[in-house]
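*Asks:* First the structure, then my questions, so here it is.
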Amino acid sequence: MKSKALFPLAPFALVVFIVIVFSCDPQVPPPQQVISYQDANVLEENFKTTRAAIINDSLGYEDTREFWFSLDSLKKYIEYVEYEARQQGIEQLGLRVYFASYPQNSNYPDPGFATVLFVPTKQVEPSPIRQGFFPMVPINENIQTIDAFNFGHGGKPPTDL
9 MKSKALFPLA PFALVVFIVI VFSCDPQVPP PQQVISYQDA NVLEENFKTT RAAIINDSLG
69 YEDTREFWFS LDSLKKYIEY VEYEARQQGI EQLGLRVYFA SYPQNSNYPD PGFATVLFVP
129 TKQVEPSPIR QGFFPMVPIN ENIQTIDAFN FGHGGKPPTD L
């Protein structure tokens with residue numbers, strides 16, 4: 009008798025179970041290149057002690073050493089690069105980050121300060137002449153037909169990690 013009373017609840021329980029399962033965000037594993045916040049801090053401190061002081065002394069002012077880009081703008085840039093590369097038949101994409109600086113007498117947002125540029129890259133096949141017993145590191149060339157990405161926000165003064 010009890011099993012007949014529970015039978016109408018089975019479809020409801022199934023629906024609740026399905027809603028719960030499909031409403032959960034799938035877990036995204038971190039890429040292999042992630043490092044802990046503590047390790048990142050060690051690297052930043054090393055940069056400050058081995059490079060930042062030399063740069064600042066040479067310039068005569070404290071230069072920017074950290075840059076902020078919104079995740080949304082980075083995602084849009086990656087989407088743009090993927091679209092443009094698809095249109096050009098380019099695969100095996102990457103991004104190269106360049107240190108750069110704005111010219112002193114310019115209309116750029118922060119004349120004289122450091123900046124970073126993201127430039128799209130494509131992997132190219134290594135020359136057969138360079139191949140041998142040891143595996144070759146992939147060669148990545150800049151894609152000069154797709155615009156670079158710039159204009160993040162530089163910390164003035166820099167924000168420590």
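In my numbering, the protein residues as written are 9 to 169.
Glycine included, each C-beta is placed from N, C-alpha and C at the ideal position.
Tell me, which residues are paired with residue 120 by DSSP?
*Replies:* Partner(s): none; residue 120 has no beta bridge.
*Asks:* Please classify residue 147 as buried or exposed, where buried requires at least 16 neighbouring CB atoms within 10 angstroms.
*Replies:* Flag for residue 147 reads exposed.
*Asks:* Between the C-alpha atoms of residue 42 and residue 36, what's the straight-line distance to the nearest angstrom?
*Replies:* Whole-angstrom Cα-Cα distance: 13 Å.
*Asks:* By how many angstroms is the C-alpha of residue 117 removed from the C-alpha of residue 111?
*Replies:* Near 10 Å, if we compare the C-alpha coordinates of residue 117 and residue 111.
*Asks:* Could you tell me the distance, in whole angstroms, from the CA atom of residue 99 to the CA atom of residue 131?
*Replies:* Whole-angstrom Cα-Cα distance: 8 Å.
*Asks:* Along the chain, where does the alpha helix (DSSP H) that runs through residue 169 open and close?
*Replies:* No alpha helix (DSSP H) holds residue 169; DSSP gives it neither H nor E.
*Asks:* Please report the distance separating the alpha-carbon of residue 76 from that of residue 68.
*Replies:* Each residue's alpha carbon lies about 24 Å from the other.
*Asks:* With a threshold of 6 Å on Cβ separation, who are the neighbours of residue 160 within its own chain once the five nearest residues in sequence on each side are excluded?
*Replies:* Here the set comprises 75, 76 and 77.
*Asks:* List the residues that DSSP assigns as beta-bridge partners of residue 104.
*Replies:* Answer is 127, bridged to residue 104.
*Asks:* Could you tell me which whole beta strand (DSSP E) segments of length 3 or greater appear in the stretch 59–114?
*Replies:* Here the runs fully enclosed are 101–109.
*Asks:* Taking buried to mean at least 16 other C-beta atoms within 10 Å of its own C-beta, is residue 80 buried or exposed?
*Replies:* Its Cβ having fewer than 16 others within 10 Å, residue 80 is exposed.
*Asks:* Below 7 Å CB to CB, which residues in the same chain sit around residue 71 once its five sequence neighbours on both sides are set aside?
*Replies:* Hits under 7 Å: 63, 64, 121 and 122.
*Asks:* Taking the alpha-carbon positions, what's the residue 168 to residue 103 distance?
*Replies:* Roughly 25 Å separates the two Cα atoms.
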